[in-house]
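Trainee:
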Amino acid sequence: TKNAKTVMSFESLANELFLEVFKYLSTSHIYHAFHGLNIRLDELILEYFRNSHLDFRSISKLDFDIIVQEYLP
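Using the working numbering, read the sequence shown as starting at 109 and increasing by one per residue.
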(Lines of atoms letter the chains of each structure in order from A and count residues from 1; the text may use other names and numbers.)
(Lines give C-alpha, C1' and ligand atoms only; values in the text may rest on other atoms or scores of the structure.)
Protein backbone atom coordinates (compact mmCIF):
# COMPACT_ATOMS: atom_id res chain seq x y z
CA THR A 1 0.00 0.00 0.00
CA LYS A 2 1.03 3.61 -0.44
CA ASN A 3 1.05 4.32 3.28
CA ALA A 4 3.15 1.31 4.25
CA LYS A 5 6.38 2.29 5.95
CA THR A 6 9.43 0.16 6.44
CA VAL A 7 10.74 0.23 9.98
CA MET A 8 14.24 -0.98 10.72
CA SER A 9 15.75 -1.18 14.15
CA PHE A 10 19.37 -0.31 14.84
CA GLU A 11 19.98 -3.82 16.14
CA SER A 12 18.92 -5.36 12.82
CA LEU A 13 21.96 -3.95 11.02
CA ALA A 14 24.47 -6.48 9.67
CA ASN A 15 27.45 -7.42 11.83
CA GLU A 16 29.78 -6.05 9.16
CA LEU A 17 28.21 -2.60 9.49
CA PHE A 18 28.71 -2.55 13.25
CA LEU A 19 32.35 -3.60 12.81
CA GLU A 20 32.80 -0.81 10.27
CA VAL A 21 31.24 1.76 12.64
CA PHE A 22 33.54 0.58 15.45
CA LYS A 23 36.56 1.65 13.35
CA TYR A 24 35.51 5.28 13.77
CA LEU A 25 34.98 5.16 17.54
CA SER A 26 37.38 5.08 20.45
CA THR A 27 37.70 1.97 22.58
CA SER A 28 35.90 3.72 25.43
CA HIS A 29 33.08 4.95 23.21
CA ILE A 30 32.49 1.48 21.77
CA TYR A 31 32.30 0.02 25.26
CA HIS A 32 29.97 2.67 26.68
CA ALA A 33 27.69 2.88 23.65
CA PHE A 34 27.22 -0.79 22.83
CA HIS A 35 28.19 -3.00 25.78
CA GLY A 36 25.27 -4.68 27.49
CA LEU A 37 22.65 -3.92 24.83
CA ASN A 38 22.41 -7.57 23.84
CA ILE A 39 24.52 -10.71 23.55
CA ARG A 40 25.10 -10.26 19.83
CA LEU A 41 26.64 -6.80 20.28
CA ASP A 42 28.73 -7.97 23.23
CA GLU A 43 30.12 -10.75 21.01
CA LEU A 44 30.83 -8.28 18.20
CA ILE A 45 32.67 -6.01 20.63
CA LEU A 46 34.70 -8.99 21.80
CA GLU A 47 35.54 -9.90 18.19
CA TYR A 48 36.51 -6.33 17.38
CA PHE A 49 38.64 -5.87 20.50
CA ARG A 50 40.47 -9.16 19.96
CA ASN A 51 41.21 -8.46 16.29
CA SER A 52 42.00 -4.75 16.37
CA HIS A 53 44.66 -2.44 17.66
CA LEU A 54 43.08 -0.82 20.70
CA ASP A 55 43.98 2.71 21.71
CA PHE A 56 44.02 3.07 25.48
CA ARG A 57 45.79 6.45 25.56
CA SER A 58 42.67 8.50 26.25
CA ILE A 59 40.79 6.05 28.43
CA SER A 60 40.29 6.24 32.18
CA LYS A 61 41.91 3.68 34.45
CA LEU A 62 38.46 2.45 35.48
CA ASP A 63 37.35 1.96 31.84
CA PHE A 64 40.65 0.26 31.06
CA ASP A 65 40.22 -2.18 33.96
CA ILE A 66 36.62 -2.95 32.97
CA ILE A 67 37.46 -3.56 29.31
CA VAL A 68 40.46 -5.74 30.11
CA GLN A 69 38.46 -7.78 32.62
CA GLU A 70 35.40 -8.10 30.38
CA TYR A 71 36.96 -8.63 26.96
CA LEU A 72 40.65 -9.42 27.21
CA PRO A 73 41.10 -12.24 29.72
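Yeah, the Cβ is synthetic: ideal placement off N, Cα and C, and Gly gets one too.
Classify Y132 as buried or exposed, calling it buried when 16 or more other Cβ atoms lie within 10 Å of its own Cβ.
Mentor: Here residue 132 is taken as the residue at index 24 of the sequence shown, counted from 1. Per the 10 Å Cβ criterion, exposed.
Trainee: Contact check, L127 vs L152 under 8 angstroms by CB: the rounded distance?
Mentor: Here the question's residue 127 lines up with position 19 in the sequence shown. Here the question's residue 152 lines up with position 44 in the sequence shown. The Cβ separation is near 7 angstroms, so the contact holds.
Trainee: Taking C-beta to C-beta, are E178 and H137 nearer than 9 angstroms?
Mentor: Along the sequence shown, read from residue 1 onward, the residue named residue 178 stands at position 70. Along the sequence shown, read from residue 1 onward, the residue named residue 137 stands at position 29. Not in contact: E178 and H137 (Cβ atoms no closer than 9 angstroms).
Trainee: Helix, strand or coil for R165, going by three-state DSSP, please let me know.
Mentor: What you label residue 165 is simply residue 57 of the sequence shown in a count that begins at 1. The answer is coil: DSSP assigns R165 none of H, G, I, E or B.
Trainee: For the alpha helix (DSSP H) holding N159, just list the boundary residues, first then last.
Mentor: The residue labelled residue 159 in the question sits at position 51 within the sequence shown. Run containing N159: I147 to N159, per the alpha helix (DSSP H) assignment.
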